[in-house]
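Heads up: the sequence shown at position 12 corresponds to 12 in full-length UniProt numbering, and the numbers run straight through without jumps.
A short write-up of the structure that comes next.
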Amino acid sequence: MEFFGEPAGPGWSRTEDKLFENALVIFPEGTANRWALVAGHVPGRTPREVWAHYCELVQDVEMIEQGRVEVPVYGDGDDDDDYDGGEAEPSGSDRTAQVGGSRARAEERKRGVPWTEEEH
């Protein structure tokens, strides 16, 4: 992306992206000197660089909305293909206890058969 014939600058780090996104919320469209103000929140970036980055973001959103970008498939948590925690994968309540931590174990302990009068 170019801003008045100049390249957009080097790649952006995740930290810079977050600072940029937060600044866009602080300074919405219509704010006077918006790009200078946004650049002030992203150290080392010029108003031209933040404007160019914004234009790239707008293009990305447009492509997504037009269906020109394939949405990645994420696991739903039930996929066992990537389990690498040992010899055999835990099942049932064992797996719940591992995934849920101590809270799941506490709930598991609560479930049980009550004692009979003879056992007391």
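Every residue, glycine too, gets a C-beta built ideally from N, C-alpha and C.
Computed from a predicted model, the values in this text were never measured in an experiment.
So, with DSSP's three-state summary, where would you put residue i?
| i | result |
| --- | --- |
| alanine 36 | helix |
| phenylalanine 27 | coil |
| glutamine 98 | At glutamine 98, the pLDDT of 46 sits below 50, so the modelled position is not reliable and the matter cannot be decided from this model. |
| glutamate 89 | For glutamate 89, the predicted model reports a pLDDT of 48, less than 50, meaning its position is unreliable; a value from the coordinates is still stated below. Coil, per DSSP. |
| proline 43 | coil |
| threonine 15 | helix |
| tryptophan 115 | coil |
| glutamine 66 | coil |
Which value, in whole angstroms, describes the spacing of the CA atoms of residue i and residue j?
| i | j | result |
| --- | --- | --- |
| glutamine 66 | histidine 41 | 31 angstroms |
| threonine 46 | arginine 14 | 17 angstroms |
| alanine 39 | cysteine 55 | 14 angstroms |
| leucine 19 | leucine 57 | 14 angstroms |
| glutamate 29 | glycine 75 | 36 angstroms |
| residue 158 | alanine 23 | The structure shown has nothing for residue 158, since the chain only spans 1 to 120. |
| isoleucine 26 | glutamate 49 | 18 angstroms |
| aspartate 17 | valine 73 | 23 angstroms |
| tryptophan 115 | glutamate 21 | 59 angstroms |
| residue 145 | valine 113 | The shown model of the chain, from 1 to 120, leaves out residue 145, and the question about it has no answer. |
Ends of the alpha helix (DSSP H) at residue i?
| i | result |
| --- | --- |
| tyrosine 74 | Here tyrosine 74 belongs to no alpha helix (DSSP H), and DSSP marks it neither H nor E. |
Please state whether the Cβ-Cβ distance between residue i and residue j is less than 7 angstroms.
| i | j | result |
| --- | --- | --- |
| tryptophan 12 | tryptophan 35 | no |
| methionine 63 | valine 71 | no |
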